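What follows is a short report on a single structure.
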Amino acid sequence: MRKKDEYRKKFEKALHKESLKLTSQRSAIFDEVIYGDKHRECEEICASLKDKDYNVSRATVYRTLDILIKYDFIRKMDIGDGSLRYETKIGHPHHDHMICVETGEITEFVSEEIESIQEKIAKKYGYKIIKANHQLFVKPLK
Ligand SMILES: [Zn+2]
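Take any residue in the sequence shown, note its place counting from 1, add 16, and you have its number in this note's numbering.
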């Protein structure tokens, strides 16, 4: 089975657990969020679906996003500006974000050093890390 079909099957199973069916709308939302641009707000996702002539209510988009989060397909991020952004986890491994407070631009980065230091710190206190989320708020060097 192709990867994309595999993910769609998993999504269908997740919906089933929530007593929901894989409708063409939910399928469109899935494609939009999983394979579309990252770090978007729900409004932007809705607008993009509308551009593609999908008639999906905001409530359906929100509900579907919640299911995608619950079943670990996507992550929701709060970047401190009052909006929530969504990004796919599929084919998109762990990374941290740098957010420019002047332009709003979001830059992704991975640092082996940070990863290893935080492992050590957690271990020192008798823990292991199950989830880490770094956000650096930055502005351009003048
Ligand atoms: Zn990201």
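Think of the CB as a built atom: it goes at the ideal place given N, C-alpha and C, for glycine as much as any other residue.
Only a predicted model underlies this, so the values are computations on that prediction, with no experimental measurement involved.
The stretch 130-141 makes no contact with the stretch 85-92; the number of CB pairs closer than 8 Å stays below 3. Taking the Cβ of E59 as the reference point, every heavy atom of ligand 1 lies at 6 Å or farther away. The three-state reading of DSSP puts D94 in strand, counting E and B together. Secondary structure of D112 (DSSP, three-state): strand. Per DSSP, the continuous alpha helix (DSSP H) segment holding I61 begins and ends at 58-67. Boundaries of the alpha helix (DSSP H) harbouring T80: 74-86, taken from the DSSP string. When C-beta atoms of the stretch 18-29 are compared with those of the stretch 65-75, fewer than three pairs fall below 8 Å, so the two segments do not count as touching. For E128, the shortest separation between its Cβ and any heavy atom of ligand 1 does not lie below 6 Å.
Taking C-beta separations shorter than 6 Å and ignoring five residues to either side along the sequence, the partners of T123 in its chain run M114, following chain order.
Of the other Cβ atoms in all chains shown, 16 or more fall within 10 Å of the Cβ of Y102; this residue is therefore buried. Between K155 and V117, the C-beta gap is smaller than 7 Å, which places the two residues in contact.
Between the stretch 52-63 and the stretch 28-40 there are fewer than three C-beta pairs closer than 8 Å, too few to call the two in contact. Per DSSP, the beta-bridge partners of T123 are M114.
Around ligand 1, the residues selected by a Cβ distance under 5 Å to any of its heavy atoms are E103, E124, following chain order. Each residue's CA atom was taken as its position, placing I45 and G52 some 10 Å apart.
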